[in-house]
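Down below is the structure, laid out as structure tokens.
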């Protein structure tokens, strides 16, 4: 009897050990599920990244295949440096896009010169100066501007801005490069304001407190401490503005005049984007290929802008 009781007492710890192993098994099973879910999500992220890369590659290949034949037919130098764009001429069509290249560059540069200072100052005001209620109201207005369709900007510019320019400068028609620059400057404001404000809000408060403690004024702190610390985000805002300006078509088509002249501030002009939007519907074979070539030029412009931004940010990062 004593031996049997001893066996029973000896077996009890074994049972307790067995029961203690059950939570470990459940933990292992939960960990296995987490590992599986983590692997699945990583796979989803990889697929999303590959899809984005595939889209860029498909667009690039399609533009190259569709645009190279026209460049081969016309000649690269004649295409880029030609000053006459008459693709629909029956006997002697010409495909020079230099006026449109210069117009797009001047129009984008003018919009950036006007829009970036206004957008940056507005971002500083919202981030550092305005109270919560006023800043909230202004942000709502900025978001509303960002959501307005391009055709509405063009309509307002055509009905309000173009007549004002015509009467101010005593012109036969007010549509032209100046109207396009003003419309583009207004259209790029929301992105510049939003991204710049986000960059300024990300600056550590300690930087500003240290500057104020050293005797700097609030304005000196904003422009000499906060702005340089947020320069990467502000540069990204400028690039977004450039991309929006150089890629806009519908609003510019309504206020620029749509004539392929060499760019002049008060004359009718044609942008690269408006040439594609306005002529693709009736373009013939070579004309259509030339429009795809214009799209390829625009695509290269955007790539160069992004490359310049990456070099700028890398240089600043290495310098800091």
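Numbering (our numbering), first residue to last: 666 to 985. Virtual Cβ for every residue (Gly too), placed ideally from N, Cα, C. Computed from a predicted model, the values in this text were never measured in an experiment.
Of the candidates 802, 940 and 901, the residue whose Cα lies closest to the Cα of residue 919 is 940. With fewer than 16 neighbouring CB atoms inside 10 Å of its own CB, residue 782 falls in the exposed class.
Straight-line measurement puts the Cα of residue 905 at about 20 angstroms from the Cα of residue 718. A Cβ-Cβ distance of about 6 angstroms is found for the pair residue 931 and residue 843, placing them in contact under the 8 angstroms criterion. Setting aside the 5 residues that flank it on each side, residue 943 is surrounded in the same chain by 918 and 923, each with a C-beta closer than 7 angstroms to its C-beta; the list follows chain order. From the listed residues 849, 838, 961 and 968, the smallest Cα separation to residue 762 is found for 961. About 6 angstroms separates the Cβ atoms of residue 840 and residue 933, confirming a contact at the 8 angstroms cut-off. Per DSSP, reduced to three states, the secondary structure at residue 922 is strand.
Counting other Cβ atoms within 10 Å of its Cβ, residue 756 stays below 16 and is therefore classed as exposed.
Excluding residues up to 5 positions away in sequence, 895 and 898 lie with their Cβ nearer than 8 angstroms to the Cβ of residue 867 in the same chain. With contact defined as three or more Cβ pairs closer than 8 angstroms, the stretch 740–749 and the stretch 873–883 are not in contact. Taking C-beta separations shorter than 8 angstroms and ignoring five residues to either side along the sequence, the partners of residue 954 in its chain run 731, 732, 734, 735 and 738, following chain order.
Under DSSP, residue 934 takes part in a beta bridge, and its partners are 922. Close CB contacts of residue 704 within its chain, under the 7 angstroms cut and outside five residues either way in sequence, are absent. Taken in chain order, the unbroken stretches of alpha helix (DSSP H) that lie wholly in the stretch 825–890 and span 4 residues or more are 827–833, 842–866, 870–878 and 883–886. Residue pairing of residue 759 in beta bridges, as defined by DSSP: 751. Shown here, residue 771 sits in a helix according to DSSP, grouped into three states.
Residues of the same chain with a CB within less than 8 angstroms of the CB of residue 929, apart from the 5 flanking positions on each side, are 841 and 842 in chain order. Each residue's CA atom was taken as its position, placing residue 976 and residue 967 some 14 angstroms apart. Beyond the five residues adjoining it in sequence on each side, residue 952 comes within less than 6 angstroms, by CB distance, of 752 in the same chain, given in chain order. In this structure, residue 902 places its C-beta atom within 8 angstroms of the C-beta atom of residue 857. Distance check between residue 970 and each of 804, 908, 959 and 759 places 908 closest, using alpha-carbon atoms only. For residue 805, the enclosing alpha helix (DSSP H) starts and ends at 797–812. Taking all protein chains in view, the Cβ of residue 847 is crowded by 16 or more other Cβ atoms within 10 Å, so the residue is classified as buried. For residue 912, the enclosing alpha helix (DSSP H) stretches over residues 896–912. In this structure, the CA atom of residue 889 is about 22 angstroms from the CA atom of residue 777. Taking all protein chains in view, the Cβ of residue 801 is surrounded by fewer than 16 other Cβ atoms within 10 Å, so the residue is classified as exposed. Residue 814 and residue 706 have their C-alpha atoms some 36 angstroms from each other. Residue 728 is positioned such that its CB atom lies no closer than 8 angstroms to that of residue 936. In the DSSP assignment, residue 741 falls within the unbroken alpha helix (DSSP H) covering 741–746.
Note that the C-beta distance between residue 850 and residue 747 is not below 8 angstroms. Annotated three-state conformation of residue 946 is coil, per DSSP.
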